[in-house]
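Line order of the protein sequences matches chains A and B.
If you're matching positions, the first sequence starts at 1 in this note's numbering and goes up one per residue.
If you're matching positions, the second sequence starts at 1 in this note's numbering and goes up one per residue.
All C-beta atoms, glycine included, are put in the ideal place defined by N, C-alpha and C.
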Amino acid sequence: MKLEGKSALVTGASRGIGRAVAAALAAEGAAVAVNYRSGKAQADEVVKEIESNGGKAVTVEGDVSEYEAAQRIVEQSIEQLGGLHVLVNNAGISRDALIFNMEPTDWLDVMRVNFGGVFNCTKAVLQHFMSQREGTIVNVSSMMGLRGWTGESNYAASKGAINAFTRCAAVELARFGIRVNAALPGFAPTDLVQGLLEKDGGKGILRQIPMRTFATVEEVAGVVTFLAGPDSSYMTGALVEVDGGVGTMLGIGAPL
Amino acid sequence: MAESQTISAVQEAVVGALGVSEDEAAPDATLMDDLGAESIDLLDILFRIERSTGVKIQASDLSEYIQGGIPDDEFSDENEIISEKGLEQLKKVMPQIDADEQRGNLHAENVIKLFTVQNLADMVEQRGGSAGS
């Protein structure tokens, strides 16, 4: 097991990718703090599942978009797990709309949770990580942060901000023994992207993915776990695409 | 902690953070002017010192330590040139400064540039009175 003796905090871990990340980190031996904002019952389930597999996990409630809450989340994680070595900034929301119809609160709310959460939790772990000269931070970003998509301007901007922040944080923190990387999922069928898949069961999107399948949350969690662990020890500032090839493609085309 | 241990801990931190040689990190070398330390380097140095000595110093503590609790408007005059009272204080924390040479010329924001490896070691020594071992 690659993360034996390490402790990890995963934000927004009651469902979706965060839940899978919590399970994957625990499977590598890490003790995991499962952060949630409103899904207490689901978070409890995640902990139970990890425990039934012989792992250690606790729930930590709190809204990462508030800095004080982020500080408390980090403090409680350190206290309950007896330390902290890994932070996975995963919590995120979407408020899809055409820019023409988008309300100012739509971009601000998304920015507060998605990028604000990354900033707040990153800042909150620094004193601890810098003191111990050890820590890995993995931001769950999105291919949307690199490319455009109708109706996702606010979400894409928040992920683009996360990508830029990932690079800067990596540069600033490298000398303190802290690595910062991001995983950029393409399309993984979670609650967050439900709207995109509603129209035709996602067929229209599937046709645009070279691999012709959506990412499973476990596939995304596998990359996050790699970035959190010792196998990526010389990587920092990387934006790792987990997208079935979708970002590689210029467009759907064939020579004939 | 013995004073000799403190100065070696500080020198080790400076060498590690700035990538300078041990000779360059001499006690009388100034951190910023001679060794080229920037704010992120200072942060690195202070975290390294905390790790090796257990003495915790925030970057913001430095100017407070140098100024010794003297309010800004007494430490320097209206043109931000260090006052007589300020020079007196500097003698205590940065004894290498030649007060006669600096009188009337030393701008408040340049004081930190004269802060040496030894000055930092003295500060660590003072702060570590109870925390250090």
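A/E4 and A/R19 have their C-alpha atoms some 19 Å from each other. The three-state reading of DSSP puts A/L227 in helix, counting H, G and I together.
Among the residues facing chain B, A/F129 is not included, as its CB has no counterpart in that chain under 8 Å away. At least one CB atom of chain B sits nearer than 8 Å to the CB of A/E172. Secondary structure of A/R179 (DSSP, three-state): strand. Boundaries of the beta strand (DSSP E) harbouring A/V10: 7 to 10, taken from the DSSP string. As a beta-bridge residue in DSSP terms, A/Y36 pairs with A/E61. Taking one beta carbon from each stretch, the region 112 to 128 of chain A and the region 61 to 79 of chain A have 3 or more pairs nearer than 8 Å; the two touch.
Along the region 164 to 194 of chain A, the positions whose C-beta sits under 8 Å from a C-beta of chain B are E172, R175, F176, read in chain order. Within chain A, the residues whose beta carbon sits less than 8 Å from that of B/E50 are S131, listed in sequence order. When Cβ pairs closer than 8 Å are counted between the two stretches, the region 51 to 60 of chain A is seen to touch the region 31 to 39 of chain A, the count reaching three or more. Contact with chain A is found for B/D44, since one of that chain's Cβ atoms lies less than 8 Å from the residue's Cβ.
Residue burial annotation: B/S60 is exposed, with fewer than 16 other C-beta atoms found within 10 angstroms of its C-beta.
Residue environment: A/G55 is assigned as buried (16 or more neighbouring CB atoms within 10 Å of its CB, all protein chains considered). Taking all protein chains in view, the Cβ of A/R179 is crowded by 16 or more other Cβ atoms within 10 Å, so the residue is classified as buried.
B/H107 carries a strand assignment under DSSP once its states are collapsed to helix, strand and coil. Contact annotation: in the region 23 to 42 of chain B, residues whose CB is within less than 7 Å of a CB in chain A are I40. Cβ-Cβ separation between A/S232 and A/N181: approximately 7 Å, consistent with a contact (criterion under 8 Å). Listed along the chain, the chain A residues whose CB falls inside 7 Å of the CB of B/F75 amount to none; the nearest CB is some 30 Å away. Here the alpha carbon of B/R103 sits roughly 7 Å from the alpha carbon of B/I82.
If the five residues before and after A/P210 are omitted, its C-beta is found closer than 8 Å to the C-beta atoms of G244, G245, V246, T248, M249, all from its own chain and listed in chain order. Taken atom to atom, the span from the alpha-carbon of B/V124 to that of B/E64 is near 14 Å.
In the DSSP annotation of this structure, the continuous segment of the beta strand (DSSP E) that includes A/E241 starts and ends at 239 to 242.
Beyond the five residues adjoining it in sequence on each side, B/D41 comes within less than 7 Å, by CB distance, of A17, L18 in the same chain, given in chain order.
Residue contact check for B/F115 against chain A: no CB pair falls below 8 Å. In the three-state scheme derived from DSSP, where H, G and I count as helix and E and B as strand, A/T248 is classed as helix. Rounded to the nearest whole angstrom, the C-alpha separation of A/I99 and A/M111 is 15 Å. Rounded to whole angstroms, the separation of the alpha carbons of A/G201 and A/V224 is 27 Å.
Here A/V140 is bridged, per DSSP, to A/A183. The beta carbon of A/Y67 sits closer than 6 Å to those of N120, all from its chain and outside the five residues before and after it, given in chain order. Beyond the five residues adjoining it in sequence on each side, B/A25 comes within less than 8 Å, by CB distance, of Q11, V14, V15, L18, L35, V117 in the same chain, given in chain order. In its chain, beyond the 5 residues on either side, N89, N139, I162, F165 have a beta carbon closer than 7 Å to the beta carbon of A/V118. For A/A97, the closest C-alpha among the options A/G116, A/E134, A/A23, A/A156 is that of A/A156. About 21 Å separates the Cβ atoms of A/I50 and A/V64, ruling out a contact at the 8 Å cut-off.
Residue pairing from DSSP leaves B/G68 without any beta-bridge partner. Boundaries of the beta strand (DSSP E) harbouring A/N89: 86 to 89, taken from the DSSP string.
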